[in-house]
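**Student:** Quick one: the structure is below, and I'll ask about it shortly.
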Amino acid sequence: MAVSRRPVLLVIAHGSRDPRHAATVHALVARVRAQRPGLRVETGFLDFNAPAVPQALERLAAEGVQDVVALPLLLTRAFHAKADIPAVLHEASARLPRLRIHQAEVLGPSPLLLTALERRLYEAGLTPGDRSSTGLVLASAGSTDPEAIAVIAEIARELRHTGWCAVRPAFASASLPRTPDAVRLLRAAPGVRRVAVAPYVVAPGFLPDRIARGARESGADVLGEVLGASPELARLLLARYDEARAPVRRLAAVGA
C-alpha cells in the first residue's frame, strides 16, 4: 500500500452515549474531507464511541503512516486538552515509536467560530438587523479551568463589540451563571427587545441539551443550534492542521 508523506489528520472528539454526537463529528469530518480532497482524515474518541484514540493510532501505524496531526475537537484549553489528550498521545508514542504524533491546538478562540455561531442564530430566525436590539447568551459547556472560563468571558466581550445589544456568558456545568439566569439578566438590560441563546459547543449531547432546556424554560426568544458540521468549523480544522503541520514540513525539508 502506498503511504502518503502528508501527515494524516486525526480528529479527536470527546465521545458521548448520545448517538447525535458521533453523527455530528462524522459529518464534520466528511466536510473537512470535501474541502481538501486527498487529505486523509480519521476520527478517534476519548470515550463512549469507537474507534478509541489508541486504536485509531495503532491502525495508522500498522499501515505504515509516519506522521499524524492529532487535533482536539475542543473549543478551549481545559482539562481534556491539557491532560487527557496529551497523556493518551504520550502513551501511544511510547508504544508506536515509528509513528510521529503532533498535537494541534484546540479550535478556539477564532473568528471562524463566531461566524459559525452567528450562522446558527440567523438560521434560527434572527437577522443581522436584529443585533442591536438582541441580548445574546453565549452558552458553553463549562469548566473548572480558569483559563477556559476567561476565554469564554473574553469572547462574550468581543461579541458585544460587534453590534449585539448586550452579551452574557453562561455555563451548563462547573461554573456560573447558568443559561436561565443569563436570560433573565438580559431581559432586564436596557435596550434589549429579545434574548437569543447561542450554544458555544460543537456537537449535541447531555450538556447542550441542558443549555437548550434552560433556554426554553426561561423563555428565550431564539435558540441556535450547536456549531456542528458548519463550513466554518471545517475550515478551522484545516487551519489548525496546517499550523501543526508546518514544523513537520520543515523537518522533511531539512532531511531531504
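The numbers in this note's numbering rise by one with no breaks, and the one at position 144 of the sequence shown is 1310.
C-beta atoms are modelled at their ideal positions from N, C-alpha and C, and glycine is treated no differently.
Does the beta-carbon of S1182 have 16 or more other beta-carbons within 10 angstroms, so that it is buried, or is it exposed?
**Tutor:** For this step, residue 1182 is matched to residue 16 along the sequence shown. Flag for S1182 reads buried.
**Student:** Please report the straight-line C-alpha distance between V1254 and C1331, rounded to a whole angstrom.
**Tutor:** Within the sequence shown, numbered from 1, the residue matching residue 1254 stands at position 88. Within the sequence shown, numbered from 1, the residue matching residue 1331 stands at position 165. In a straight line, the C-alpha of V1254 is about 43 Å away from that of C1331.
**Student:** Of all the CB atoms in chain C, is at least one closer than 8 Å to the CB of E1289?
**Tutor:** Reference to chain C is not applicable here, since this structure consists of a single protein chain.
**Student:** Helix, strand or coil for D1387, going by three-state DSSP, please let me know.
**Tutor:** To locate residue 1387, count along the sequence shown from 1; it is residue 221. Residue state, collapsed to three classes: coil.
**Student:** Can you tell me which of H1256, F1245, V1235 and D1250 puts its alpha carbon nearest to the alpha carbon of A1270?
**Tutor:** By one-based count along the sequence shown, residue 1270 stands at place 104. Nearest C-alpha to A1270: V1235.
**Student:** A1319: buried (16+ other C-beta within 10 angstroms of its C-beta) or exposed?
**Tutor:** Residue mapping note: residue 1319 aligns to position 153 of the sequence shown, counting from 1. A1319 is exposed by the Cβ-count criterion.
**Student:** Work out the CA separation of H1246 and D1184 for me, nearest whole Å.
**Tutor:** One-based indexing of the sequence shown puts residue 1184 at position 18. One-based indexing of the sequence shown puts residue 1246 at position 80. The straight-line gap from Cα to Cα measures roughly 19 Å.
**Student:** Suppose the cutoff is 6 Å on Cβ atoms and the five residues either side in sequence are ignored; what does the same chain contact list for R1199 look like?
**Tutor:** Locating residue 1199 in the sequence shown gives position 33, where the first residue counts as 1. Cβ within range, chain order: V1207.
**Student:** Could you tell me the alpha carbon to alpha carbon distance between V1317 and S1259, rounded to whole angstroms?
**Tutor:** Taking the first residue of the sequence shown as position 1, residue 1317 is located at position 151. Taking the first residue of the sequence shown as position 1, residue 1259 is located at position 93. One C-alpha to the other measures close to 30 Å.
**Student:** Cutting at 7 Å between CB atoms, please list the residues of its own chain near L1292, excluding the five before and the five after it.
**Tutor:** Taking the sequence shown and counting its residues from 1, one reaches residue 1292 at position 126. Only T1300, A1362 and V1388 meet the Cβ criterion.
**Student:** Roughly how many angstroms separate the alpha carbons of P1397 and P1356, rounded to a whole number?
**Tutor:** Along the sequence shown, one-based indexing puts residue 1397 at 231. Along the sequence shown, one-based indexing puts residue 1356 at 190. Approximately 35 Å, taken between the alpha carbons.
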